[in-house]
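Asks:
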Amino acid sequence: DQQVKQNSPSLSVQEGRISILNCDYTNSMFDYFLWYKKYPAEGPTFLISISSIKDKNEDGRFTVFLNKSAKHLSLHIVPSQPGDSAVYFCAASAVRGNQFYFGTGTSLTVIP
Amino acid sequence: DSGVTQTPKHLITATGQRVTLRCSPRSGDLSVYWYQQSLDQGLQFLIQYYNGEERAKGNILERFSAQQFPDLHSELNLSSLELGDSALYFCASSVGPSGGINEQFFGPGTRLTVL
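As you go down the protein sequences, you meet chains A and B in turn. Note that my numbering gives residue 97 to position 84 of the first sequence, counting from 1, and the numbers run on in steps of one. Note that my numbering gives residue 144 to position 102 of the second sequence, counting from 1, and the numbers run on in steps of one.
Now the structure itself:
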């Protein structure tokens, strides 16, 4: 049973526009969330995180929003750049837990 | 470069065979995690070792086993291989023992193909 879901397998965005990647989770015990970015032939790399005490966290062009009541988080990339083209995974954990649960990924293509 | 190395990069074998995947964590990291990514699936957590001891277990099949050696490198052994075991296997490492908190650094993965 997939506890973290990314329902959009792919997304295309024009360079300079906003990219919005979505993630839903089912386990109400999750209280820590991360986004990872993955280029082909490489492992995922950490991008940004958010804990459940916040509803927003920013790091440069990347902002993660958390809506606990909807069990939904999103990653906004503004402005999108061609180098952002990659697969993005969201992951969740319960802080007292011992593992991350990953979504299936969204492949982002930023068109120059 | 995450500092996590995995060998081999690619592995092609036949059903029923046994293979060993190897991982060296980042310098200073004591935890090693193993993940499986099958086609159209997210990363599925298999198992974690911390400083040589099994720390957490996920969806790891009985045909699979792992260990972490005194020099902290880890091996994932897959036996009686089936077609469905074809996947990307990632190793990750972190400094601390808490798999749900510590940022994990991933290796480039080993692509296993079972024919």
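Here a beta-carbon is modelled for each residue, glycine too, at the ideal position from N, C-alpha and C.
(1) Once you ignore the five residues that flank D127 of chain B on each side, which residues in its own chain have a CB closer than 7 Å to its CB?
(2) T117 of chain A CB to nearest chain B CB: under 7 Å?
(3) G84 of chain B and T119 of chain A - do their beta-carbons sit closer together than 7 Å?
(4) Got a sec? Which residues, its chain only, sit under 6 Å from H52 of chain B by beta carbon, not counting five neighbours each side?
(5) Can you grab the Cα-Cα spacing for the pair H115 of chain B / G29 of chain A, in whole Å?
(6) Which ranges would you report for the beta strand (DSSP E) in the stretch 89-122 of chain B if only whole runs of at least 3 residues count?
(7) Once you ignore the five residues that flank S25 of chain A on each side, which residues in its own chain have a CB closer than 7 Å to its CB?
(8) In chain order, what residues of the same chain lie with their CB nearer than 8 Å to the CB of K51 of chain A, ignoring the 5 residues before and after it?
(9) Taking Cβ positions only, does P67 of chain B come closer than 7 Å to chain A?
(10) Out of B:I143, B:S73, B:T55, which one is the CA nearest neighbour of F43 of chain A?
(11) What are the residues that DSSP puts in a beta bridge with F115 of chain A?
(12) In chain A, what lies closer than 7 Å to S107 of chain B by C-beta?
(13) If we ignore side chains and look at the alpha-carbon of each, how far apart do F148 of chain B and S82 of chain A end up?
Replies: Let me lay it out:
(1) For the purposes of this step, residue 127 of chain B is taken as the residue at position 85 of the second sequence. Excluding positions up to five away in sequence, the list reads L120, L154, V156.
(2) Against the first sequence, residue 117 of chain A aligns to sequence position 104. With 7 Å as the cut-off, T117 of chain A counts as an interface residue toward chain B.
(3) Counting from 1 along the first sequence, the entry for residue 119 of chain A is found at position 106. Counting from 1 along the second sequence, the entry for residue 84 of chain B is found at position 42. Between T119 of chain A and G84 of chain B, the C-beta spacing is not below 7 Å.
(4) Here residue 52 of chain B corresponds to residue number 10 of the second sequence, with the count starting at 1. R153, listed in sequence order.
(5) The residue you call residue 115 of chain B lines up with position 73 of the second sequence. The residue you call residue 29 of chain A lines up with position 16 of the first sequence. Rounded to the nearest angstrom, the gap between the Cα atoms of H115 of chain B and G29 of chain A is 43 Å.
(6) With a minimum length of 3 residues, the unbroken runs of beta strand (DSSP E) contained wholly in the stretch 89-122 of chain B fall at 95-99, 106-110, 116-120.
(7) Position 12 of the first sequence, counting from 1, holds the residue named residue 25 of chain A. Result list for S25 of chain A: T122, I124, in chain order.
(8) Within the first sequence, the letter at position 38 stands for residue 51 of chain A. Cβ-Cβ distances below 8 Å link K51 of chain A to P57, T58, A99, V100, Y101, F102, G118 in the same chain, with the five nearest sequence neighbours on each side left out; the list follows chain order.
(9) Taking the second sequence and counting its residues from 1, the one referred to as residue 67 of chain B is at position 25. By this cut-off, P67 of chain B is not an interface position.
(10) The sequence position of residue 43 of chain A within the first sequence is 30, counting from 1. Among B:I143, B:S73, B:T55, the Cα nearest to that of F43 of chain A belongs to B:I143.
(11) What you label residue 115 of chain A is simply residue 102 of the first sequence in a count that begins at 1. Answer is A:A104, bridged to F115 of chain A.
(12) Here residue 107 of chain B is taken as the residue at index 65 of the second sequence, counted from 1. Below the 7 Å Cβ cutoff, chain A contributes no neighbours of S107 of chain B, its closest Cβ being approximately 18 Å away.
(13) Position 106 of the second sequence, counting from 1, holds the residue named residue 148 of chain B. Position 69 of the first sequence, counting from 1, holds the residue named residue 82 of chain A. Straight across, the Cα-Cα distance linking F148 of chain B with S82 of chain A is about 31 Å.
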